[in-house]
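Just so we're on the same page, this note's numbering is the position in the sequence shown counted from 1, plus 350. Cβ atoms here follow ideal geometry from the backbone N, Cα and C, with glycine treated the same way. A short worksheet on the structure shown next.
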Amino acid sequence: MCGRFAQAQTREEYLAYLADEGERDIAYDPEPIGRYNVAPGTKVLLLSERDEQLHLDPVFWGYAPGWWDKAPLINARVETAATSRMFKPLWQHGRAICFADGWFEWKKEGDKKQPYFIHRA
């Protein structure tokens with residue numbers, strides 16, 4: 351799974367994928383994000399529901415429940431996410447959308463790693 355991705359569009363551009371401006375009521379901070387190499391532990395835009403309203407908020411990328419004593423995780427296996435001790439509570443109580451313009455996959459070439467940006471054409 352990728353460890354870096356891009357969130358380079360404006361909030362308004364991401365929200366336009368969901369509905370026309372007049373058809374949505376989503377609270378968000380208009381400050382641009384413009385991130386081309388988002389690293390774990392930094393802020394990413396996350397669309398989620400709170401108090402029966404959609405919110406687009408900058409949140410830290412990583413998840414660690416209170417009992418977890420290691421670095422926060424940045425991804426989950428779809429085969430086990432719904433049943434694992436780590437992710438089952440999240441799976442049962444909500445969903446969120448993390449917009450991404452693409453992600454980086456790294457290929458080892460000799461003693462170096464070369465990043466390749468994967469995105470829609």
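I'd like to confirm the pairing. Which residues does DSSP put opposite residue i in its beta bridges?
i              : result
proline 439    : The partner list for proline 439 (beta bridge, DSSP) is empty, contrary to what the question assumes.
arginine 385   : Gln357
valine 394     : Val409
isoleucine 447 : Leu397
Look at the alpha carbon of residue i and the alpha carbon of residue j, and state the distance between them as a whole number of angstroms.
i              : j                 : result
asparagine 387 : phenylalanine 467 : 10 Å
alanine 450    : serine 434        : 25 Å
glycine 353    : phenylalanine 454 : 7 Å
histidine 469  : phenylalanine 355 : 10 Å
alanine 389    : tryptophan 411    : 8 Å
glycine 444    : glutamine 464     : 36 Å
proline 415    : proline 439       : 10 Å
proline 408    : glutamate 363     : 15 Å
alanine 366    : valine 394        : 18 Å
Only counting the same chain, and skipping five residues up and downstream in sequence, which positions put a Cβ closer than 7 Å to that of residue i?
i                 : result
phenylalanine 437 : Ala426, Ala431
alanine 446       : Leu396, Leu397, Ser398
glutamine 359     : Asp451
Closer than 7 Å to a non-hydrogen atom of the ligand NAD - does that hold for the CB of residue i?
i          : result
lysine 438 : Among the ligands in the structure shown, none appear at all, so the ligand NAD cannot be discussed.
I'd like the span of the alpha helix (DSSP H) that includes residue i, first residue to last.
i             : result
glutamate 362 : 361-366
Spatial neighbours of residue i within its chain, please: CB distance less than 6 Å, with the 5 preceding and 5 following residues excluded, ordered by chain position.
i            : result
arginine 385 : Gln357
tyrosine 413 : Pro422, Leu423
tyrosine 378 : Arg361, Leu406
Which first and last residues belong to the beta strand (DSSP E) in which residue i is found?
i              : result
tryptophan 456 : 452-459
lysine 463     : 462-468
isoleucine 424 : Neither: isoleucine 424 is in no beta strand (DSSP E) and is coded neither H nor E.
alanine 377    : 376-378
Residues in its own chain within less than 8 Å of residue i by CB, not counting five upstream and five downstream?
i              : result
tryptophan 418 : Met436
Stretch-stretch touch, CB-based, cutoff 8 Å, three pairs: the segment 450-460 with the segment 401-413: no
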